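Asks:
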Amino acid sequence: MLRVFLLGLIFLFTGCTVSNPFVNKYHFTPQISVDSIIPNLNLSEPVSNMASKLCSYTSGRTVVVTDFVDLETLKPGKSGLLLSELLKSKLSEICNAKVVQVEFSKYFTIGQNGFRVLSRNIHELKEVNQPVTIAVIGTYNLSQNRLYLFSHVLNIHTGVVYKMVDEEISYKVEGFTIFQ
């Protein structure tokens with residue numbers, strides 16, 4: 020009787036260690052936030068590429084660069100602030116653009132109907148010492164294993180989009196490690 024019991028125990032523990040081909044067919048990773056992934060990606064080259072593509076509209080001009088907003092939440096978060104700072108730096112460095120540091124969040128918003136100016140008083144928008152007619156609007160979307168970045172160059176008076184560019188960054192998450 021003791022032998023049968025011990026033999027059963029051995030089969031039980033052996034069965035637990037044998038690999039089943041149907042187990043772990045799909046590898047699920049823990050949910051990692053957008054603000055944990057984006058700052059850990061190497062974004063210098065993709066953002067430089069975006070800036071280079073925008074130079075024909077921003078070179079030597081005074082521009083406003085808004086915070087990048089997440090296409091799902093329409094809010095910038097930490098990642099949106101990081102992306103906009105990178106783009107400001109690259110526009111200044113590569114295109115020799117004069118980037119005006121202005122807090123426009125109380126005037127601009129992006130909603131279901133797109134980009135909106137929240138003030139009817141054009142003088143509130145012109146309180147910058149240098150004439151600004153060009154804005155660079157940035158958005159991003161993080162999907163499984165890809166970060167999509169979008170930038171639009173538009174005339175802030177007419178709303179006409181002069182240029183739209185995008186970049187795609189691939190990455191992989193394994194556990195809590197991000198590979199690019």
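Residue numbers (this note's numbering): 20 to 199.
Beta carbons: idealized from backbone N, C-alpha and C, even for Gly.
As the structure is a computational prediction, the values presented were derived from the model and not from experiment.
Would you check if the segment 68–82 and the segment 191–199 touch, i.e. whether three or more CB-CB distances between them fall below 8 Å?
Replies: Because the criterion of three Cβ pairs below 8 Å is not met, the segment 191–199 and the segment 68–82 do not touch.
Asks: Looking only at its chain, what residues have a beta carbon closer than 7 Å to the beta carbon of Glu-187, apart from the 5 residues adjacent to it on each side?
Replies: If we look at Glu-187 and ignore the five residues flanking it on each side, its Cβ neighbours are Arg-165 and Tyr-167.
Asks: Identify, in the order they occur along the chain, each residue of the same chain with its Cβ nearer than 8 Å to the Cβ of Phe-198, setting aside the five sequence neighbours on each side.
Replies: Cβ neighbours of Phe-198 beyond the five flanking positions: Tyr-190, Lys-191 and Val-192.
Asks: Compute the distance between the beta-carbons of Ala-154 and Leu-110, then report whether it is under 7 Å.
Replies: No; because the gap between Cβ atoms is not below 7 Å, this pair is not in contact.
Asks: Give the straight-line distance between the Cα atoms of Val-151 and Glu-64, rounded to the nearest whole angstrom.
Replies: Near 27 Å, if we compare the C-alpha coordinates of Glu-64 and Val-151.
Asks: Helix or strand or just coil, what does DSSP make of Ser-71?
Replies: In this structure, Ser-71 counts as helix in the three-state DSSP scheme.
Asks: Return the CA-CA distance between Glu-117 and Ser-162, expressed in angstroms with no decimal places.
Replies: The amino acid at residue 117 is misidentified as Glu; the sequence shows Lys. Distance between the alpha carbons of Lys-117 and Ser-162 is about 33 Å.
Asks: Can you list, in chain order, the residues of its chain whose CB lies under 6 Å from that of Val-180, leaving out five sequence neighbours each side?
Replies: Taken in chain order, the residues that qualify are His-171 and Leu-173.
Asks: Buried or exposed: where does Leu-100 fall if 16 or more other Cβ atoms within 10 Å of its Cβ makes it buried?
Replies: Answer is exposed; the Cβ neighbour count stays below 16.
Asks: Quick check on the burial criterion: 16 or more other C-beta atoms within 10 angstroms. Buried or exposed for Gly-178?
Replies: Exposed, since its Cβ has fewer than 16 Cβ neighbours within 10 Å.
Asks: Compare the C-alpha of Leu-106 against each of Val-84, Pro-95 and Ser-98 and name the closest.
Replies: Comparing Cα-Cα distances from Leu-106 to each of Val-84, Pro-95 and Ser-98, the minimum goes to Val-84.
Asks: Expressed to the nearest angstrom, what Euclidean distance is found between the alpha-carbon atoms of Leu-90 and Tyr-159?
Replies: Using only the alpha carbons, I get a separation of about 6 Å.
Asks: Only counting the same chain, and skipping five residues up and downstream in sequence, which positions put a Cβ closer than 8 Å to that of Leu-73?
Replies: Leu-110, Cys-114, Val-155, Ser-170, Val-172, Lys-182 and Val-184.
Asks: Between Gly-96 and Val-53, how many whole angstroms is the CB-CB distance? I'm expecting something under 8 Å.
Replies: The Cβ separation is near 7 Å, so the contact holds.
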